[in-house]
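Engineer: Residue numbering for the sequence shown follows this note's numbering, beginning at 506 and increasing consecutively.
Glycine included, C-beta positions come from ideal geometry on N, C-alpha and C.
Computed from a predicted model, the values in this text were never measured in an experiment.
Before I ask anything, let me first share the structure, which is written out below as structure tokens.
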Amino acid sequence: MYAERASRLTGAVVWTNTPGGRGEGRVLPDGCMDLLWNEVRLLVAGPDTRAYVTEGESGTWVGVRFFPGTAPGFLGVPAHEVLDRRVDLADLWPASDVRRLCGRIGSAADPVTALEDVALERAADAESPDPLLRRVVTALDAGRPVAATADELGLGVRQLHRRCRTAFGYGPKTLARILRLQRALGLARRGVPFADTAARAGYADQAHLAREVRELAGLPLTGLLGRSGG
């Protein structure tokens, strides 16, 4: 069972997931990175370019999902270095610090709050996120072209690509595709017919939507939602 709530850390989400049965789970790309706790381990989920399949993972998972572009400053590592990876936090931070944090979270009455507290404390010591990154996300999520977004931000396209790769793990074109996928899924989950979903999310047509969902999510849209196209 999956549940989430807004975090006390601005823009972040705190979530828990206890996989049920033996079926596989599927984490879709969303432009975010997560700090994860699973029984005795702290891990980092890097940004995904394709669906991450969770078959065989057991126990209760707890996570803090950071707003796109904000986790690298928190972790002290460029996003592209953990792209499409799940990494032990001890590979990024001093092992002694991670052991201490694992002991603290593992012994807490509420590991969810304990993990969130760790994120809040670390964020307080980190540099504030670059406000330009939120503007990038806002523009691309609104369907703005990459070149126009770069112009509006006073950056060259190559400069924007470098900034995005560090913050999001990939360039602005990939980020735009992932944000568009999330827009489409939000519409489709509310029952909007697939043809209308495609048009409103910014796809050329329903066939374009279907290709993108299959490529990024690994399943057809009907398989993700468990319903017909409507």
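1. Just the Cα atoms here: how many angstroms apart are V518 and G568?
2. Per the contact definition of three or more C-beta pairs closer than 8 Å, is the stretch 573-582 in contact with the stretch 630-640?
3. Examine the Cβ distances between the stretch 707-714 and the stretch 612-623 and report whether three or more of them are shorter than 8 Å.
4. Measuring straight from C-alpha to C-alpha, what distance separates A600 and L638?
5. For A672, I'd like the list of residues in its chain whose CB is within less than 7 Å of its CB, leaving aside the five on either flank, ordered along the chain.
6. Does the stretch 549-564 come within contact of the stretch 647-656, defined as at least 3 CB pairs closer than 8 Å?
7. Taking L714 and A722 to be in contact with their CB atoms under 8 Å, please state how far apart those CB atoms are, rounded to whole angstroms.
8. Classify P636: buried if its beta carbon has 16 or more other beta carbons within 10 angstroms, exposed otherwise.
9. Name the two residues that bound the continuous alpha helix (DSSP H) containing G728.
10. Count the other CB atoms within 10 Å of the CB of M484; is the residue buried (16 or more) or exposed (fewer)?
11. Where DSSP assigns a beta bridge to Y507, which residues make up the other side?
12. Assign E544 to one of two classes, buried (16 or more other C-beta atoms within 10 Å of its C-beta) or exposed (fewer than that).
13. So, under 8 Å CB-CB, D553 and V587 are touching, yes? Tell me the CB distance rounded to an integer number of Å.
14. Taking DSSP as the reference, what is the three-state secondary structure of R649?
15. Whose C-alpha, out of V549, G661, T702, R627, is nearest the C-alpha of G676?
16. So, are the CB atoms of S512 and E621 less than 8 Å apart?
17. Per DSSP, V587 forms a beta bridge with which residues?
18. According to DSSP, is R604 helix, strand or coil?
19. One question on the structure: do L665 and T654 come within less than 8 Å of each other, judged by their Cβ atoms?
20. Which residue from R555, T618, P725 puts its Cα closest to that of L684?
21. Could you spell out where the alpha helix (DSSP H) holding D630 opens and where it closes?
22. What are the start and end residues of the alpha helix (DSSP H) that includes D446?
23. Counting only the same chain and skipping the five closest in sequence on each side, list residues whose C-beta sits under 8 Å from that of L724.
24. Does the Cβ-Cβ distance between L547 and L514 come in under 8 Å?
Structural biologist: With the given structure in hand:
1. 8 Å
2. yes
3. no
4. 30 Å
5. G574, P577, A584, L638
6. no
7. L714 to A722, Cβ: 11 Å. No contact.
8. exposed
9. 726-730
10. Within the shown structure, residues of the chain are numbered from 506 to 735, placing residue 484 beyond reach of any answer.
11. N522
12. exposed
13. So it is not a contact: roughly 10 Å between Cβ atoms.
14. coil
15. G661
16. yes
17. DSSP lists no partner for V587.
18. helix
19. yes
20. R555
21. 616-630
22. The requested residue 446 is not part of the displayed model; the chain covers only 506 to 735.
23. R531, A556, V718
24. no
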